[in-house]
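Colleague:
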Amino acid sequence: GAGVSQSPSNKVTEKGKDVELRCDPISGHTALYWYRQSLGQGLEFLIYFQGNSAPDKSGLPSDRFSAERTGGSVSTLTIQRTQQEDSAVYLCASSLETGGYTFGSGTRLTVV
Amino acid sequence: AQSVTQPDIHITVSEGASLELRCNYSYGATPYLFWYVQSPGQGLQLLLKYFSGDTLVQGIKGFEAEFKRGQSSFNLRKPSVHWSDAAEYFCAVGLQGFNKFYFGSGTKLNVKP
Numbered sequence: 546g547a548g549v550s551q552s553p554s555n556k557v558t559e560k561g562k563d564v565e566l567r568c569d570p571i572s573g574h575t576a577l578y579w580y581r582q583s584l585g586q587g588l589e590f591l592i593y594f595q596g597n598s599a600p601d602k603s604g605l606p607s608d609r610f611s612a613e614r615t616g617g618s619v620s621t622l623t624i625q626r627t628q629q630e631d632s633a634v635y636l637c638a639s640s641l642e643t644g645g646y647t648f649g650s651g652t653r654l655t656v657v
Numbered sequence: 025a026q027s028v029t030q031p032d033i034h035i036t037v038s039e040g041a042s043l044e045l046r047c048n049y050s051y052g053a054t055p056y057l058f059w060y061v062q063s064p065g066q067g068l069q070l071l072l073k074y075f076s077g078d079t080l081v082q083g084i085k086g087f088e089a090e091f092k093r094g095q096s097s098f099n100l101r102k103p104s105v106h107w108s109d110a111a112e113y114f115c116a117v118g119l120q121g122f123n124k125f126y127f128g129s130g131t132k133l134n135v136k137p
């Protein structure tokens, strides 16, 4: 596609439920990143995929968070047993080369 | 530890005035440097980036930034601000050869008519 597409744009979930956030990167972009932006905070790196290499998961805040990237394209970020502190905007970005990502518009997650 | 500092949380300037947003980083090696802008309810848009070469980088929307190695800074500037520039601005830094980028906490820009 023309840009990075994320869905849903907004998600409200009850504490303890699992959620899945989807990212569809720009076609041909080999690198895909997930970041989290909490209210009043900067962007927190979560996970990075590059081609067929093992992902860099060093930013995932707990084992409730996981992500997959199928076929080198679409990625899904899963949060299990959501907590209120998980409320944030989850941003996906992709790039063709190192640096200069293109970001999606994000998924605003609210845990109530 | 690596860090990116944007010391100004909020800045207010009058329309037509000049603007400088500060960014300082702490890394041992030559970094990649970026500025992004985020309008309310929108995703992040890349304004400009520095990889190497000329330390004065021109970006979109009339923005520029200058890499000053000795000061570990990459300040964003615009000679004349427009009301549509009101947004939040993020500085980001990455190490060459690595693919994890660190973002500052952002500077919110308000533009007075």
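Residue numbers (this note's numbering), protein chains in the order written: chain A, 546 to 657; chain B, 25 to 137.
Don't be surprised by glycine CBs; every beta carbon is placed ideally from N, CA and C.
Bear in mind that the values here come from a model prediction, so they are computed numbers and not experimental data.
1) Decide if B/G65 is buried, meaning its Cβ has at least 16 other Cβ atoms within 10 Å, or exposed.
2) Are A/R609 and A/R581 close, meaning C-beta to C-beta below 9 Å?
3) Are the region 553 to 568 of chain A and the region 616 to 623 of chain A touching by the rule of at least three beta carbon pairs closer than 8 Å?
4) Taking Cβ positions, are B/R101 and B/L45 nearer each other than 9 Å?
5) Please say whether B/G67 and A/L591 have beta carbons closer to each other than 9 Å?
6) Tell me where the beta strand (DSSP E) around A/C568 begins and ends.
7) Taking a cut of 7 Å between CB atoms, which residues from the region 588 to 613 of chain A lie near chain B?
8) I want to verify the contact list: residues of chain B whose CB lies under 9 Å from the CB of A/L636, in sequence order.
9) For B/V117 and A/G604, I'd like the C-alpha separation in whole angstroms.
10) For B/F125 and chain A, any beta-carbon pair shorter than 9 Å?
11) Over the uninterrupted beta strand (DSSP E) stretch that includes B/T36, give me the two end residues.
12) With a threshold of 8 Å, establish whether the CB of B/F127 neighbours any heavy atom of the ligand ZN.
13) So B/G130 and A/G587 are supposed to be a Cβ contact under 8 Å. How far apart are they, rounded?
14) Judging by CA-CA distance, which residue of A/G651, A/T647, A/T615 is the nearest neighbour of A/G596?
15) In terms of alpha-carbon separation, which member of A/V656, A/V657, A/G651, A/T655 lies closest to A/Q551?
16) Does the beta-carbon distance from A/T623 to A/K556 come in below 9 Å?
17) Provide the residue span of the beta strand (DSSP E) that contains A/V557, from first to last.
18) DSSP on B/S108, reduced to helix/strand/coil?
Modeller: According to the structure shown:
1) The Cβ neighbour count for B/G65, taken over all protein chains shown within 10 Å, is under 16; the residue is labelled exposed.
2) Contact flag unset, no.
3) Touching, yes.
4) Cβ distance < 9 Å, so B/R101 and B/L45 count as in contact.
5) Not a contact, by the Cβ cut-off of 9 Å.
6) First-last of the beta strand (DSSP E) with A/C568: 564 to 569.
7) If the cut-off is 7 Å between Cβ atoms, the region 588 to 613 of chain A has L588, F590, Y593, Q595, D601 near chain B.
8) Chain B residues near A/L636: G67, L68.
9) Distance between the alpha carbons of B/V117 and A/G604: 16 Å.
10) At least one chain A Cβ lies under 9 Å of B/F125.
11) Boundaries of the beta strand (DSSP E) harbouring B/T36: 34 to 38, taken from the DSSP string.
12) The model depicted lacks the ligand ZN and carries no ligand whatsoever.
13) Contact annotation, B/G130 with A/G587: C-beta distance approximately 6 Å; criterion of less than 8 Å satisfied.
14) Taking each of A/G651, A/T647, A/T615 in turn and checking the Cα distance to A/G596, the smallest one comes out for A/T615.
15) When only C-alpha atoms are compared, the closest one is A/G651.
16) By the CB criterion at 9 Å, A/T623 and A/K556 fall outside the cutoff.
17) Looking at the DSSP string, the run of the beta strand (DSSP E) that includes A/V557 is 555 to 558.
18) Note: B/S108 maps to helix in three-state DSSP.
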